[in-house]
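When we follow this note's numbering, the leftmost residue of the sequence shown carries the number 433, and every step to the right adds one. All remarks here apply to the structure that follows.
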Amino acid sequence: LPLALCDPRSVSKKDRKIYEMQYPERLGENYALSFTEGHIWSYFPRMTSDECLIFKVFEQGGNNDVQDTGFVFHTAFEDPRAPENARSRRSIEARCIVFF
433 LPLALCDPRS VSKKDRKIYE MQYPERLGEN YALSFTEGHI WSYFPRMTSD
483 ECLIFKVFEQ GGNNDVQDTG FVFHTAFEDP RAPENARSRR SIEARCIVFF
(Lines of atoms letter the chains of each structure in order from A and count residues from 1; the text may use other names and numbers.)
(Lines give C-alpha, C1' and ligand atoms only; values in the text may rest on other atoms or scores of the structure.)
Protein backbone atom coordinates (compact mmCIF):
# COMPACT_ATOMS: atom_id res chain seq x y z
CA LEU A 1 0.00 0.00 0.00
CA PRO A 2 1.44 3.40 -0.94
CA LEU A 3 1.97 6.08 1.68
CA ALA A 4 0.01 9.33 1.23
CA LEU A 5 0.80 12.66 2.90
CA CYS A 6 -1.70 15.44 3.54
CA ASP A 7 -0.49 18.99 2.88
CA PRO A 8 -0.67 20.63 6.34
CA ARG A 9 -1.69 23.94 4.74
CA SER A 10 -4.97 22.26 3.70
CA VAL A 11 -5.82 21.12 7.25
CA SER A 12 -7.77 23.45 9.53
CA LYS A 13 -7.82 23.22 13.31
CA LYS A 14 -11.38 21.89 13.22
CA ASP A 15 -10.22 18.94 11.07
CA ARG A 16 -7.89 17.71 13.84
CA LYS A 17 -9.35 15.51 16.55
CA ILE A 18 -7.38 14.72 19.72
CA TYR A 19 -7.49 11.17 21.00
CA GLU A 20 -5.99 9.68 24.12
CA MET A 21 -3.43 6.86 24.14
CA GLN A 22 -3.36 4.86 27.35
CA TYR A 23 -0.15 3.16 28.43
CA PRO A 24 0.44 1.24 31.67
CA GLU A 25 2.70 3.98 33.04
CA ARG A 26 1.32 7.12 31.38
CA LEU A 27 -1.28 8.79 29.18
CA GLY A 28 -0.51 10.34 25.82
CA GLU A 29 -2.34 12.26 23.14
CA ASN A 30 -2.28 12.21 19.37
CA TYR A 31 -4.32 13.63 16.52
CA ALA A 32 -6.70 12.00 14.08
CA LEU A 33 -7.89 13.73 10.93
CA SER A 34 -11.53 14.27 9.94
CA PHE A 35 -11.99 14.10 6.18
CA THR A 36 -12.88 17.19 4.19
CA GLU A 37 -12.89 17.72 0.42
CA GLY A 38 -10.36 20.54 0.85
CA HIS A 39 -7.49 18.29 1.97
CA ILE A 40 -4.64 18.03 -0.53
CA TRP A 41 -3.05 14.56 -0.60
CA SER A 42 0.15 13.51 -2.37
CA TYR A 43 2.08 10.31 -2.81
CA PHE A 44 5.18 9.18 -4.67
CA PRO A 45 4.30 6.27 -7.01
CA ARG A 46 7.72 6.15 -8.69
CA MET A 47 9.81 6.20 -5.53
CA THR A 48 12.67 3.71 -5.66
CA SER A 49 14.22 1.65 -2.88
CA ASP A 50 17.27 3.93 -2.70
CA GLU A 51 15.12 7.00 -1.93
CA CYS A 52 13.59 8.05 1.38
CA LEU A 53 10.80 10.32 2.45
CA ILE A 54 11.25 12.64 5.43
CA PHE A 55 8.42 14.62 6.95
CA LYS A 56 7.60 16.34 10.22
CA VAL A 57 5.06 14.69 12.51
CA PHE A 58 5.11 17.18 15.38
CA GLU A 59 6.37 20.64 16.24
CA GLN A 60 6.03 22.55 19.46
CA GLY A 61 6.76 26.24 19.74
CA GLY A 62 8.82 27.87 22.46
CA ASN A 63 5.68 28.75 24.42
CA ASN A 64 4.47 25.09 24.38
CA ASP A 65 1.77 25.79 21.75
CA VAL A 66 1.49 23.31 18.88
CA GLN A 67 2.09 25.11 15.61
CA ASP A 68 -0.81 25.21 13.12
CA THR A 69 1.28 23.52 10.41
CA GLY A 70 3.53 21.59 12.75
CA PHE A 71 2.82 18.08 11.52
CA VAL A 72 1.93 16.05 8.43
CA PHE A 73 -0.98 13.61 8.56
CA HIS A 74 -0.15 10.43 6.65
CA THR A 75 -1.73 7.08 5.86
CA ALA A 76 -1.40 4.03 3.64
CA PHE A 77 -4.05 3.59 0.96
CA GLU A 78 -5.11 1.15 -1.72
CA ASP A 79 -4.17 2.45 -5.16
CA PRO A 80 -6.75 1.21 -7.68
CA ARG A 81 -4.32 2.01 -10.53
CA ALA A 82 -1.60 -0.31 -9.21
CA PRO A 83 -1.09 -3.47 -11.26
CA GLU A 84 -2.09 -6.80 -9.68
CA ASN A 85 1.57 -7.85 -9.42
CA ALA A 86 2.86 -4.56 -7.94
CA ARG A 87 5.64 -4.94 -5.37
CA SER A 88 4.62 -4.21 -1.80
CA ARG A 89 5.92 -1.04 -0.21
CA ARG A 90 8.53 -1.64 2.45
CA SER A 91 8.71 0.89 5.20
CA ILE A 92 11.14 1.67 7.99
CA GLU A 93 10.08 4.30 10.47
CA ALA A 94 12.67 6.21 12.45
CA ARG A 95 11.74 9.06 14.76
CA CYS A 96 14.17 11.77 15.77
CA ILE A 97 13.84 14.48 18.35
CA VAL A 98 15.64 17.69 17.50
CA PHE A 99 16.19 20.59 19.90
CA PHE A 100 17.51 23.96 18.77
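Where is the CB? At the ideal position from N, CA and C, for every residue including glycine. Bear in mind the structure is a predicted one, so any value in this text is a computation, not a measurement.
- Per the Cβ contact rule, the stretch 453 to 466 is not in contact with the stretch 509 to 522 (fewer than 3 Cβ pairs under 8 Å).
- Note: S474 is bridge-paired with L437 in the DSSP secondary-structure output.
- Under the three-state reduction of DSSP, K446 is assigned to helix.
- The distance from the Cβ of F503 to that of F490 is about 5 Å, consistent with a contact at the 8 Å cut-off.
- Y451 is positioned such that its CB atom lies closer than 9 Å to that of A464.
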